[in-house]
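Heads up: the structure comes next, in structure tokens.
As structure tokens, this is what we get:
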């Protein structure tokens with residue numbers, strides 16, 4: 005068993021805004037009023053919403069969740085030509101109108117111009133936080149929280165190791181109890197398998213799914229491990245069927261999208277987690293549990309950002325590549341959301357002075 009680099013420190017650490025060195029702490033930070041008017045703004049993708057909500061969870065806030073995008077051509081208008089109109093939104097967008105929030109956390113490219121327009125409409129009174137690389141001068145926001153595998157840097161940029169995750173010890177304990185009847189009968193050690201799916205760079209074809217299924221089946225046979233598998237919305241149906249056929253009756257649980265998703269229960273009960281290499285969000289969730297995280301490499305050409313993300317977590321001792329055996333090791337769970345929340349609280353307090 006080996007510990008992740010730096011896991012013996014008393015304080016949790018993040019990475020500094022300028023050079024990626026470890027500096028940020030959450031030992032103490034100013035209290036944020038629980039009734040602080042707060043919006044979460046995204047175009048509606050689940051992964052984006054969850055990253056923003058991870059921050060409000062860590063701050064102890066209950067935000068209004070706004071799903072909105074500019075209508076038509078303003079969605080791709082270069083911001084130096086002007087900000088989008090807040091009353092000219094894409095169909096099904098939530099209204100963006102006063103009273104303006106005191107804190108706005110935005111995530112996703114289509115929210116960039118809208119977030120800046122809200123800040124302007126509020127007379128600068130809305131503290132704006134952007135999650136991910138804003139692709140523009142980050143100082144246009146009050147704070148940017150971006151993964152270190154992005155190239156954004158600046159005096160108001162905080163880098164994280166992964167995506168802010170809503171997975172916490174408290175949520176895992178709750179999920180463990182909630183899904184106990186479903187997952188307790190599955191043999192131990194329990195391997196949770198989190199499947200991503202087809203992307204522009206990773207097709208995740210049936211033959212690849214079959215190969216992964218056979219590796220999991222062999223592992224179950226040789227080590228007596230139980231398997232609990234969950235698919236994502238991106239998992240191709242034909243690939244899911246191929247993996248299921250390869251595993252056969254060895255799967256103690258196989259979630260294919262029907263009914264209640266036991267995703268949190270799998271994370272809570274797992275002795276080890278196998279995750280496909282395409283999903284930053286799922287890998288970040290898995291690394292928030294403290295359990296061994298084994299990455300199943302998908303075929304294709306990963307982006308430079310994804311390669312940097314995976315190599316960084318491997319170097320820091322969070323992940324290993326899935327071969328043909330279980331590996332036991334320990335690390336301190338990722339806590340990017342708590343670290344980022346601490347910095348938001350500090351800067352909010354400073355802005356209020």
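Numbering (the numbering used here), first residue to last: 5 to 357. Glycine included, C-beta positions come from ideal geometry on N, C-alpha and C. What you are looking at is a predicted structure, and each value in this text was computed from that prediction instead of being measured.
Do the stretch 270 to 290 and the stretch 175 to 193 make contact, defined as three or more Cβ pairs closer than 8 Å?
A contact exists between the stretch 270 to 290 and the stretch 175 to 193.
Under the assumption that residue 60 contacts residue 110 (Cβ atoms under 8 Å), give the Cβ distance between them as a whole number of angstroms.
Position 56 of the chain shown, counted from the first residue, corresponds to residue 60. Position 106 of the chain shown, counted from the first residue, corresponds to residue 110. Their Cβ separation, rounded to whole angstroms, is 12 Å, which puts residue 60 and residue 110 out of contact at 8 Å.
Considering Cα atoms alone, identify which of 212, 147, 225 and 174 is closest to residue 191.
Residue numbering aside, residue 191 sits at position 187 when the chain shown is read from its first letter. When each option's Cα is compared against that of residue 191, the closest is 225.
In chain order, what residues of the same chain lie with their CB nearer than 7 Å to the CB of residue 295, ignoring the 5 residues before and after it?
In the chain shown, counting from the first residue as 1, residue 295 sits at position 291. These residues qualify, in order along the chain: 274, 275, 276 and 277.
Mark residue 35 as exposed unless 16 or more other C-beta atoms lie within 10 angstroms of its C-beta, in which case mark it buried.
Residue numbering aside, residue 35 sits at position 31 when the chain shown is read from its first letter. By the neighbour-count rule (16 or more Cβ atoms within 10 Å), residue 35 is not buried but exposed.
List in chain order: all unbroken alpha helix (DSSP H) runs of 4+ residues lying wholly within the stretch 71 to 136.
Within the stretch 71 to 136, the complete alpha helix (DSSP H) runs of at least 4 residues are 116 to 125.
Put residue 53 into one of helix, strand or coil per three-state DSSP.
As a working mapping, residue 53 is identified with position 49 in the chain shown. Residue state, collapsed to three classes: helix.
Taking the alpha-carbon of residue 98 as reference, which of 120, 254, 168 and 68 has the nearest alpha-carbon?
Residue 98 sits at position 94 when you count from the first residue of the chain shown. Of the candidates 120, 254, 168 and 68, the one whose C-alpha sits nearest the C-alpha of residue 98 is 68.
What is the residue span of the beta strand (DSSP E) that residue 180 lies within?
Start at 1 with the first residue of the chain shown, and residue 180 comes out as number 176. Premise fails: residue 180 lies in the alpha helix (DSSP H), 173 to 182, not in any beta strand (DSSP E).
If you check the beta carbons only, do residue 232 and residue 197 fall under 8 Å apart?
Here residue 232 refers to the residue found at position 228 of the chain shown. Here residue 197 refers to the residue found at position 193 of the chain shown. The answer is yes: Cβ separation under 8 Å.
Tell me which residues share the same chain as residue 290 and place their Cβ nearer than 6 Å to its Cβ, disregarding the 5 neighbours each side in the sequence.
Along the chain shown, one-based indexing puts residue 290 at 286. Excluding residues within five positions, the ones whose Cβ falls inside 6 Å are 277, 279 and 297.
Who are residue 147's beta bridge partners in DSSP?
Here residue 147 is taken as the residue at index 143 of the chain shown, counted from 1. Residue 147 pairs with 133.
Taking 8 Å as the threshold (C-beta atoms), are residue 213 and residue 247 in contact?
Start at 1 with the first residue of the chain shown, and residue 247 comes out as number 243. Start at 1 with the first residue of the chain shown, and residue 213 comes out as number 209. Yes, the Cβ-Cβ distance between residue 247 and residue 213 is below 8 Å.
Are the CB atoms of residue 317 and residue 165 within a distance shorter than 8 Å?
In the chain shown, counting from the first residue as 1, residue 165 sits at position 161. In the chain shown, counting from the first residue as 1, residue 317 sits at position 313. Cβ atoms of residue 165 and residue 317: closer than 8 Å.
Check the C-beta distance from residue 159 over to residue 201 and give it rounded, since I have them as a contact under 8 Å.
Residue mapping note: residue 159 aligns to position 155 of the chain shown, counting from 1. Residue mapping note: residue 201 aligns to position 197 of the chain shown, counting from 1. Incorrect: roughly 38 Å between the Cβ atoms, too far for contact.
For the beta strand (DSSP E) that contains residue 208, what are its first and last residues?
Within the chain shown, residue 208 is the residue found at index 204, counting from 1. Careful: residue 208 lies outside any beta strand (DSSP E) and carries neither H nor E.
Sorted by chain position, which residues of the same chain lie with C-beta nearer than 6 Å to residue 351's C-beta, five sequence neighbours on each side aside?
Reading the chain shown from its first residue, position 347 is the one you call residue 351. Closer than 6 Å at Cβ, skipping near neighbours: 147.
Rounded to whole angstroms, what's the CA-CA distance from residue 260 to residue 281? Just pull it up for me.
By 1-based counting over the chain shown, the position of residue 260 is 256. By 1-based counting over the chain shown, the position of residue 281 is 277. For residue 260 and residue 281, the distance between alpha carbons rounds to 19 Å.
Where residue 64 and residue 123 are concerned, what is the direct C-alpha to C-alpha distance, given to the nearest angstrom?
In the chain shown, the residue the question calls residue 64 occupies position 60. In the chain shown, the residue the question calls residue 123 occupies position 119. Residue 64 and residue 123: Cα-Cα distance of roughly 23 Å.
What separation, rounded to the nearest whole angstrom, lies between the Cα atoms of residue 344 and residue 284?
Within the chain shown, residue 344 is the residue found at index 340, counting from 1. Within the chain shown, residue 284 is the residue found at index 280, counting from 1. When rounded, the distance between both Cα atoms is 17 Å.
Would you kindly work out how many angstroms separate the C-alpha atoms of residue 54 and residue 62, rounded to a whole number?
One-based indexing of the chain shown puts residue 54 at position 50. One-based indexing of the chain shown puts residue 62 at position 58. Cα-Cα distance, rounded: 12 Å.
Can you give the Cα-Cα distance for residue 86 and residue 127, rounded to whole angstroms?
Counted from its first residue, the chain shown places residue 86 at position 82. Counted from its first residue, the chain shown places residue 127 at position 123. Between residue 86 and residue 127, the C-alpha separation is close to 17 Å.
Using a Cβ-Cβ cut-off of 7 Å (strictly less than) and excluding sequence neighbours within five positions of residue 5, which residues of its own chain qualify?
Reading the chain shown from its first residue, position 1 is the one you call residue 5. Confidence at residue 5 is low in this model, with a pLDDT of 36, below 50, so its placement is unreliable and no value can be given for it.
Let me make sure I understand the geometry here. Which of 199, 326 and 328 has the alpha-carbon closest to that of residue 265?
Against the chain shown, residue 265 aligns to sequence position 261. Closest option to residue 265, Cα to Cα, is 199.
What's the C-alpha gap between residue 50 and residue 157?
In the chain shown, residue 50 corresponds to position 46, counting from 1. In the chain shown, residue 157 corresponds to position 153, counting from 1. Looking at the two C-alpha atoms, the distance is approximately 26 Å.
If I follow the unbroken beta strand (DSSP E) through residue 44, where does it start and stop?
Here residue 44 is taken as the residue at index 40 of the chain shown, counted from 1. Segment 42 to 46, the beta strand (DSSP E) holding residue 44.
Which residues does DSSP list as the beta-bridge partners of residue 259?
For the purposes of this step, residue 259 is taken as residue 255 along the chain shown, with counting starting at 1. Per DSSP, 234.
List, from N- to C-terminal side, the beta strand (DSSP E) runs of 3 residues or more that fit wholly inside the stretch 267 to 341.
DSSP runs (the beta strand (DSSP E)) wholly in the stretch 267 to 341: 276 to 280, 297 to 300 and 323 to 325.
With distances taken between CB atoms, is the gap from residue 341 to residue 119 smaller than 8 Å?
By 1-based counting over the chain shown, the position of residue 341 is 337. By 1-based counting over the chain shown, the position of residue 119 is 115. No, Cβ-Cβ distance for residue 341 and residue 119 is not below 8 Å.
What number of angstroms, rounded off, separates the C-alpha of residue 117 from the C-alpha of residue 88?
Numbered from 1 along the chain shown, position 113 holds the residue referred to as residue 117. Numbered from 1 along the chain shown, position 84 holds the residue referred to as residue 88. Between residue 117 and residue 88, the C-alpha separation is close to 6 Å.
Between 251, 33 and 137, which lies nearest to residue 216 when the distance is taken from Cα to Cα?
Numbered from 1 along the chain shown, position 212 holds the residue referred to as residue 216. That would be 251, whose Cα lies nearest to the Cα of residue 216.
For residue 150 and residue 139, which I take to be in contact (beta-carbon distance under 8 Å), what is that distance rounded to the nearest angstrom?
The sequence position of residue 150 within the chain shown is 146, counting from 1. The sequence position of residue 139 within the chain shown is 135, counting from 1. Not a contact, Cβ separation roughly 11 Å.
Let me check understanding here. Comparing Cα to Cα, which of 189, 308, 74 and 254 lies closest to residue 96?
As a first step, residue 96 is located in the chain shown; it is residue number 92 there, counting from the start. Per the Cα distances, 74.
Return helix, strand or coil for residue 194, following the three-state DSSP convention.
For the purposes of this step, residue 194 is taken as residue 190 along the chain shown, with counting starting at 1. Reduced to three states, the DSSP call for residue 194 is strand.
Got a sec, what are the start and stop residues for the alpha helix (DSSP H) residue 247 sits in?
The residue you call residue 247 lines up with position 243 of the chain shown. Residues 241 to 251.
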